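The sequence shown begins at 171 in the numbering used here and counts up by one.
Cβ coordinates follow ideal geometry from the N, Cα and C atoms, glycine included.
What you are looking at is a predicted structure, and each value in this text was computed from that prediction instead of being measured.
Reviewing the structure listed below.
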Amino acid sequence: MKIGIDSIGFQTAGYVFQLSELAKQYGIDPAKYEHGLMQKQMSVASPDEDVVTLGYGAAKQALYDCDDVESIKLLIFATETGVDQSKSAGMHLHRFLKLNPNCRVFELKQACYASSAALQLSVSMIRSDPKLKALIIASDIAKYGSGTPGEPTQGCGSVAMIVSANPKIMEIEPYSGVWSADENDFWRPCYSEVAFVDGKHSVQLYLSHLGNAWGNYKRQSGLSFADIDQVCYHTPFSKMAIKAHNELTRLNEVECNEKVNSTLHYTPYIGNCYTAALYVCLLSMLGNSGVDVSGKRVGMFAYGSGSVGEFFSGIVQNGYKQRIEPLSGSIQEALTSRKIIGFDKFREFYNFWNDYRGADVLTPAYSKNKLRLKGITEHKRVYELKDA
Ligand code: CAA
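Below is the structure:
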């Protein structure tokens, strides 16, 4: 039985900041960001956008032609930007998406890896109950300290996927290679809004996990690099995917850059969206390959700091284009319709919550999206659904 991604959706924030502006503020050569990191812009969440509101937009897109929402019995919200230490962000969306009360809802965390853990978990659950459908929402807002090397890699976005039997987009193959190790390359203590990172160590660790997970995948699957047609990598900034691909081709003693290029159409304009980042690359590859990739095998490398790496693969299904073509149009539209902000507004959004920790607040109405965070009352998040 084939099990995998049946439908997919994407959402990013309504505001965007040019990295050339950031470089100007810090007196850094803009080429460092544009060519060194291969990043041009970052999506910036306004105070009334959060992982729930971004996740709502992505989920609505994934559900757009789902005529049996009742059959979704599992909602996994994958994030490292949780809005509550106890309640899953998915609980808010269970209501707004009008999901079945018989649906399991929970949140998963292991840095950027949680979305891929959610995918594998869903596939296993569907294998034992093929009627079950799962909704995975990967949603994150990447935030680093002002002036730190991580700052130009900030960004945000959400990808939602319906996982089912007989998927229309990509079958997930039954083998994968995993490599885990207790490390401190990137982490965010509960008291901190921003992540801490040992940047150079994180890049090295990512690459060594890639090698180890790939070795493990090869042994589990019996496949070789020649059997993989395209590779999507977890991409915190676009140069990281190039470094990863160089490493994988070096390990396999081949040269073939065309296996990664089509995965990088969106990330330079969005920035890091942690759990969603790998799936943004998958969307990019499916929508921008220039050729029909039906039947092709896609290698997927998930990496979550702290640290877990997993290499798995999927087979693109015939007819995937029918789903992806309209979506690619709306992704372009989402990117071009964002409002460009200058450095002062960028800082204002960045610092907004510092003044309101624990206090009641009504958030200014910045977001043009359907669901917005209206404010916080008695420590409860209050969302507003337009045209509800
Ligand atoms: N013109 C062109 N290129 C330039 C340049 C210039 N004037 N100046 C520097 N560069 C190049 C450098 O040569 C370098 O390129 P290579 O890596 O190809 O050699 C690149 O720009 C970056 O320069 P530095 O290495 O000096 O940059 P940095 O130390 O200031 O920061 C970073 C880089 C450590 C990755 C930092 O952005 C960071 O900490 N990012 C957050 C952590 C991260 O994303 N880690 C990735 C792996 S962990 C992970 O993937 C999980 C996750 O999502 C966080």
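Taking the alpha carbon of Ala-504 as the point to measure from, which residue in Thr-182, Ile-339 and Gln-255 has its own alpha carbon closest? Thr-182
Between Leu-278 and the ligand CAA, is the CB less than 7 angstroms from at least one heavy atom? no
Segment contact flag, the region 397-404 with the region 466-474, C-beta cutoff 8 angstroms, min 3 pairs: yes
Nearest to Leu-421 by alpha carbon, out of Ser-378, Ser-391, Ser-459 and Asp-462? Ser-378
Rounded to whole angstroms, what's the CA-CA distance from Ser-408 to Met-331? Just pull it up for me. 23 angstroms
Determine the closest residue to Ala-411 out of Ser-394, Asn-442 and Ala-288, with distance taken between C-alpha atoms. Asn-442
Measuring CB atoms only, is the region 524-537 touching the region 213-220, in the sense that at least three cross pairs come out at less than 8 angstroms? yes
Could you tell me which of Val-461, Phe-513, Leu-453 and Tyr-449 sits nearest to Glu-428, measuring between CA atoms? Val-461
Alpha carbon to alpha carbon, how far is Arg-542 from Gly-476? 32 angstroms
Please classify Ser-285 as buried or exposed, where buried requires at least 16 other C-beta atoms within 10 Å of its C-beta. buried
Given the structure, does Phe-187 come close to the ligand CAA, in the sense that its CB is under 7 angstroms from one of the ligand's heavy atoms? no
Distance CB(Asn-416)-CB(Gly-479) smaller than 8 angstroms: no
Measure from the alpha carbon of Met-212 to the alpha carbon of each residue in Arg-297, Gly-225, Cys-326 and Tyr-449, then state which is nearest. Cys-326
Test item: CB-CB of Leu-263 and Gly-225 under 8 angstroms: yes
Within 10 angstroms of its Cβ, does Val-424 collect 16 or more other Cβ (buried), or is it exposed? exposed
In chain order, which beta strand (DSSP E) runs of at least 3 residues are fully inside the region 359-433? 400-403
I need the boundaries of the beta strand (DSSP E) containing Glu-341, first residue and last residue. 340-350
Following a CB-centred definition, is Ile-199 positioned closer than 7 angstroms to any heavy atom of the ligand CAA? In the sequence as presented, Ile is not what sits at residue 199; that position holds Asp. Yes; taking the cut-off as 7 angstroms, the Cβ of Asp-199 has a heavy atom of the ligand CAA nearer than that.
Within a Cβ cutoff of 6 angstroms, which residues of the same chain sit near Val-293, ignoring the five residues on either side of it in sequence? Ile-173 and Ile-342
Pull up the distance between the alpha-carbon of Ala-281 and that of Gly-474, whole angstroms please. 5 angstroms
Judging by CA-CA distance, which residue of Ile-510, Leu-456 and Tyr-403 is the nearest neighbour of Ile-175? Leu-456
Per DSSP, which residues does Asp-254 bridge with? Please list them. Its beta-bridge partners do not exist; DSSP assigns none.
Coil, strand or helix - Tyr-314 by DSSP: strand
Rounded to the nearest angstrom, what separates Glu-363 and Lys-313 at their Cα positions? 7 angstroms
How about Ser-464 and Val-450: are their beta carbons less than 8 angstroms apart? no
Put Thr-547 into one of helix, strand or coil per three-state DSSP. strand
Taking the alpha carbon of Tyr-185 as the point to measure from, which residue in Tyr-283, Ile-311, Arg-274 and Glu-554 has its own alpha carbon closest? Ile-311
Residue of Arg-527, Ala-308 and Ser-241 minimising C-alpha distance to Ala-248: Ala-308
Since I believe Met-208 is in contact with Ala-335 (beta carbons under 8 angstroms), could you give me their beta-carbon distance rounded to a whole number of angstroms? Not confirmed; about 38 angstroms, so no contact.
With a threshold of 7 angstroms (Cβ to nearest heavy atom), would His-205 be considered close to the ligand CAA? yes
Would you check whether the ligand CAA has a heavy atom nearer than 7 angstroms to the C-beta of Thr-323? yes
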